[in-house]
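Protein chains in written order, with our numbering: chain Z, 423 to 673; chain A, 325 to 704.
Backbone N, C-alpha and C fix where the C-beta goes; we use that ideal spot for every residue, glycine too.
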Amino acid sequence: MSLELKNASVVRAGKAILDQATLTCEPGRFIAFCGPNGAGKTTALSLLSGALRPDQGDALMEGASIRSWKPLELAQRRAVVAQSSPLSFPFHVHEVVEMGRTPWSGITGRRRNSEIVAAAMAEMELTELGARNYLTLSGGERQRVNIARVLAQLWDTSAEQGQRWLLLDEPTAALDLRHQISLLALLRRLAQQGWGVVAVLHDLHLVYEHADDVVLFRDGQVFASGGARDVLSPEAVQRVYRLEAPYALAV
Amino acid sequence: MDQLRTGLSPQALPQERDTSLADAAGAMQAARERRGQVVVLGCFSLAVIGVVLSIMLGPLEIGAFDVIRIGLGAIGLETTGDLTRVQIGVVESIRAPRALLGMLAGAALGGAGAAMQGFFRNPLADPGLIGVSAGGAVAAVAVIVLGSVSLAGFTAALGTFALPIAAFLGSLTSVVIIYSLSIVEGRVVVATMLLAGVAINALAFSGIGYLTFLADDTQLRDLTFWTLGSLGGATWSRVLPAALGMSIAIVMLLSLMRPLNALLLGEDDASALGVDVERAKRTAAIGTALGVGAATAACGIVVFIGLVVPHLVRLITGPDHRYVLPGSCCLGASLVLFADIVARIAVTPAELPLGVVTSAIGAPFFFWLLLRDKKRSVLG
């Protein structure tokens, strides 16, 4: 019941942007991918989501190669928030959230769908914006809409239907401080309820505060992984980010 | 907080939860759905009226009831003994194939416009603007001019299907070129898409120009009228092969209602939602090429339908393809049929080219769209 990379490499223009990465994500934990720009965090996340195929090695979900999963089965248990969304058509906010229910069309009833969409919007404090044109929203509001969409996607997946995985690439990037904190608290809560949560995050203070585990990337390789407070030692942060002095996160 | 926690538990939402939010969201959704359904139904009725009017009007006027009676008579449900043989003949061999061609060509062009705009995630992707029509046209003109010379083998092998198949291949080539040029790392570069369309159009029209230069006098009369678009050449032998192609294309395009919605989020997000992106893209490309190619083969280049129609539908229904696609097919059919009626009666006894009428409607509409979007700065 885990999400793994096994010796996975991705080569672009002759350079390995991910080099023989091996890591295991267990469900029930909020796992943060951290490291400097270009260290391979997003690439690793794309391998885990199946958006990208490794040139060498493999990405596995529950022991089976992601490639061998049927797209619909995958969509019913794993959801992805990308860094940005190219949506350029004037959908209403509630319609974008409703798109998260795509893998369940014909399975979930109308009434239940509306309930889920409403609840996912409420979770992201979007209820007031339901009838707004998505294109008129700010970057942070759009980000919350996309998070609500993936929450709606996995909302009803039961334990019998499979393990739920939520993969997020810099989900806090456009959010204000309050929404950053409440999103990380939500991710932590979801992990406590048994979801697998993997997020690429840059704010080490927030990670230190909220995440269970951390995978530190440097130069396309996994530098360290383990419990957040063990991995993010002042010395490790100094070495990974090439700082001049040890950097303490503990307040 | 407690409420949220139960909401996210695997046991799903409990019944006693406050349902007013869900009611509000449901009502919002239902309102848009109802509006979408009304629009699709309205456009469909308009297309039916267009078909009947198109058969009624002309030098020999035929009453609406007689049109319906001849239609029923053709399948043996009504006796038409009191109508003259001329009336029945005019309807059956002149106006019916013309109306059928107008209806299907309009539906194929409207649907293809909606599909291309979704496929390229941009409301400016029109089969005419990006060269899909011109690609079909140059191939069709080649068959007309060279059909008895260098392409003799091709036309002999395919018979009446030679023209629509050639046009389909020409249109498909345009779609493939545009796609491979304008998608960079999964993102659509809109400027490249439009400029590639300009280049393909220029190339295709130079090809058409050269073929026109090669054409003999009888072919020439055919070509000049045909490059401006017309339903005038509608005979059953010409309409039926194209009709088959357009019908298949319309069915293919209508199957894209849900995948296209997800595709608007981007290819990665769509595939994360379980949509078979490669298959959806293939269906959109082939359906568009087949629809536009077959329509172009039968009635020439009819511009602006693919641009104007989906915009008009989207204005009222919003961008949901469950309504935009069928609505565009029906409104496209109506618009072509009514434009053809105008083309026929504006300068009787002569006939205007259909493309002239659709441009006269479409180009000002395009200007209006640009002006409106300039003010609002957001499409929609």
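Straight-line Cα distance separating residue j from residue i
| i | j | result |
| --- | --- | --- |
| A:Thr404 | A:Leu661 | 26 angstroms |
| Z:Leu445 | Z:Phe455 | 11 angstroms |
| A:Ile610 | Z:Leu467 | 33 angstroms |
| Z:Ser527 | A:Leu584 | 14 angstroms |
| A:Asp453 | A:Ile524 | Per the sequence shown, residue 453 of chain A should be read as Leu rather than Asp. Taking the straight line from one Cα to the other gives about 10 angstroms. |
| A:Arg668 | A:Ala687 | 20 angstroms |
| A:Gly617 | A:Val500 | 14 angstroms |
| Z:Leu474 | Z:Thr465 | 8 angstroms |
| A:Asp644 | Z:Val644 | 43 angstroms |
| A:Phe537 | A:Ala466 | 12 angstroms |
| A:Leu470 | A:Ala476 | 7 angstroms |
| A:Ala539 | A:Phe485 | 21 angstroms |
| Z:Arg500 | A:Asp600 | 16 angstroms |
| Z:Glu434 | Z:Gly642 | Note on residue identity: the sequence assigns Arg, not Glu, to residue 434 of chain Z. If I take the Cα positions, the gap works out to 12 angstroms. |
| Z:Lys428 | Z:Ala541 | 37 angstroms |
According to DSSP, residues forming a beta bridge with residue i
| i | result |
| --- | --- |
| A:Leu527 | Beta-bridge pairing links A:Leu527 to no other residue. |
| Z:Val644 | Z:Phe639 |
| Z:Lys437 | Z:Arg434 |
| Z:His514 | Z:Asn555 |
| Z:Ile453 | Z:Val620 and Z:Asp635 |
| A:Arg511 | A:Val508 |
| Z:Arg500 | Z:Trp587 |
| Z:Ala426 | The question names Ala, yet the displayed sequence has Glu at residue 426 of chain Z. Beta-bridge pairing links Z:Glu426 to Z:Thr446 and Z:Leu482. |
| Z:Gly649 | Z:Asp635 |
| Z:Ser487 | Z:Leu482 |
With 16 other Cβ atoms within 10 Å as the buried cut-off, status of residue i
| i | result |
| --- | --- |
| A:Asp541 | exposed |
| Z:Val637 | buried |
| Z:Gln565 | buried |
| A:Ser530 | exposed |
| A:Arg409 | exposed |
| A:Val363 | buried |
| A:Ile386 | buried |
| Z:Val452 | The residue asked about is misnamed: residue 452 of chain Z is Phe in this sequence, not Val. Buried, by the Cβ-count rule. |
| Z:Glu666 | exposed |
| Z:Ala672 | exposed |
| Z:Gly460 | exposed |
| A:Thr612 | buried |
| A:Ile468 | buried |
| A:Leu332 | Residue placement at A:Leu332 cannot be trusted, given a pLDDT of 49 that sits under 50; what the coordinates show is reported in the next sentence. That one is buried. |
| A:Gln335 | Only weak support exists for where A:Gln335 lies, its pLDDT of 39 falling under 50; the coordinates are left without a value. |
| Z:Ile711 | No information on residue 711 of chain Z is available, as it lies outside the stretch 423 to 673 that chain Z covers here. |
| A:Phe444 | buried |
| Z:His627 | exposed |
| A:Asp326 | With a pLDDT of only 40 at A:Asp326, under the threshold of 50, the placement of this residue in the model should not be trusted; the figure read from the coordinates follows. Classification of A:Asp326: exposed, given that the 10 Å Cβ count is below 16. |
| A:Ala509 | In the sequence as displayed, the identity of residue 509 of chain A is Glu instead of Ala. By the neighbour-count rule (16 or more Cβ atoms within 10 Å), A:Glu509 is not buried but exposed. |
| A:Leu328 | No answer about A:Leu328 holds up, because its pLDDT of 42 lies below 50 and its placement is not dependable. |
Any C-beta of chain A under 8 angstroms from that of residue i
| i | result |
| --- | --- |
| Z:Gln585 | no |
| Z:Glu517 | yes |
| Z:Met423 | no |
| Z:Ala650 | no |
| Z:Glu484 | no |
| Z:Pro593 | no |
| Z:Pro493 | yes |
| Z:Glu520 | yes |
| Z:Val502 | yes |
| Z:Gly552 | yes |
| Z:Glu537 | yes |
| Z:Pro508 | yes |
Minimum Cβ-Cβ distance from residue i to chain Z less than 8 angstroms
| i | result |
| --- | --- |
| A:Gln361 | no |
| A:Pro650 | no |
| A:Leu703 | Because A:Leu703 sits at a pLDDT of 42, beneath the cut-off of 50, its placement in the model cannot be relied upon, and the following sentence gives the value as read from the coordinates. Interface residue, yes. |
| A:Leu643 | Per the sequence shown, residue 643 of chain A should be read as Pro rather than Leu. By this cut-off, A:Pro643 is an interface position. |
| A:Ala608 | no |
| A:Ala515 | no |
| A:Ala346 | yes |
| A:Ser595 | yes |
| A:Met352 | yes |
| A:Gly598 | yes |
| A:Ala438 | no |
Problem - At least 3 beta-carbon pairs within less than 8 angstroms: the segment 565-573 of chain A vs the segment 453-468 of chain A - result: Taking 8 angstroms as the limit for Cβ pairs, the verdict is that the segment 453-468 of chain A does not touch the segment 565-573 of chain A.
Handout entry: Stretch-stretch touch, CB-based, cutoff 8 angstroms, three pairs: the segment 591-608 of chain Z with the segment 480-496 of chain Z
Key = Taking a cut-off of 8 angstroms on C-beta distances, the segment 591-608 of chain Z does not touch the segment 480-496 of chain Z, as fewer than three cross pairs fall below it.
Exercise for the section: Report yes or no: do three or more beta-carbon pairs, one from the segment 628-644 of chain A and one from the segment 418-425 of chain A, lie closer than 8 angstroms? Expected result: Contact fails: fewer than three Cβ-Cβ distances are below 8 angstroms.
Practice task
Count the C-beta pairs between the segment 480-493 of chain A and the segment 556-567 of chain A that are closer than 8 angstroms, then say yes if the count reaches three, no if not.
Solution key: Taking a cut-off of 8 angstroms on C-beta distances, the segment 480-493 of chain A touches the segment 556-567 of chain A, as three or more cross pairs fall below it.
Exercise for the section: May I ask you to verify whether the segment 526-540 of chain Z touches the segment 348-368 of chain A, counting CB pairs closer than 8 angstroms and requiring at least 3? Expected result: Judged by pairs of C-beta atoms under 8 angstroms, the segment 526-540 of chain Z touches the segment 348-368 of chain A, as three or more such pairs exist.
Handout entry: Inter-stretch contact at 8 angstroms, needing at least 3 Cβ pairs: the segment 589-596 of chain Z / the segment 546-554 of chain Z
Key = They do not touch, by the three-pair rule.
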